[in-house]
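What follows is a single structure, written as structure tokens, with notes after it.
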Amino acid sequence: MFGWGKKPLVGVRVAILATDGVEQIEIKSPWKALVKAGAEVYLISPRKGKIQAVNKLTPGDRIPVDATLDEVHPASFAALLLPGGSVNPDTLRQDKKALDFVRAFEKSNKPIAAICHAPWLLASLGTARGRTLTSWPGIQDD
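Here the UniProt record's numbering is used: position 11 in the sequence shown is 11, and no number is missing along the way.
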């Protein structure tokens, strides 16, 4: 992936913004890849405790939250990962603090990776307008 023993993201702090209903493979696989590349990865959510991941419609793992939106500032991170599922991004795009968090990354021109339905958040902010994105086909109209 990155060559033998190379960790190009050492010291890079990446925020993952997610809540209940996040698709398990869409949070765990990129998280694992980021850690393998040397990144420090933090799960940020609107509330403390654990979030409930899903495998399509079946409950998956409960994933511990590292910090809430009230406890962190986007300036502390170099990049943002927005995993999908349908419930997770739909819930987050209705949360002002979550939208403000994402907006701060966009305004700072920091990388934002949005998987599956997660571009909904970018559409809600208006930052998807005029850009080419990949997403779940059902959100194309948004």
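Glycine included, C-beta positions come from ideal geometry on N, C-alpha and C. Nothing here was measured: the structure is a model prediction, and the numbers come from that model.
Limits of the unbroken alpha helix (DSSP H) element including A123
119–125
Can you confirm whether the stretch 106–114 touches the stretch 45–52 when touching is taken to mean that 3 or more C-beta pairs between the two stretches lie within less than 8 Å?
no
Smallest Cα separation from I25: which of E40, T58, G38?
T58
- What is the rounded straight-line gap between the Cα of D61 and the Cα of G126? 32 Å
### Query
Which term fits N55, buried or exposed, when burial requires 16 or more other beta carbons within 10 angstroms of its beta carbon?
exposed
Going residue by residue through the UniProt domain "DJ-1/PfpI" (13–142), where are the continuous alpha helix (DSSP H) segments of at least 4 residues, counting only ones entirely within it?
24–36, 87–92, 96–107, 119–125
task = Inspect the beta-carbon positions of V14 and A53 and report whether they are closer than 7 Å.
result = no
- Message: Which same chain residues end up closer than 7 Å to R93 when comparing Cβ atoms and leaving out the 5 residues on each side of it in sequence?
- Response: L99, W120, L121, S124
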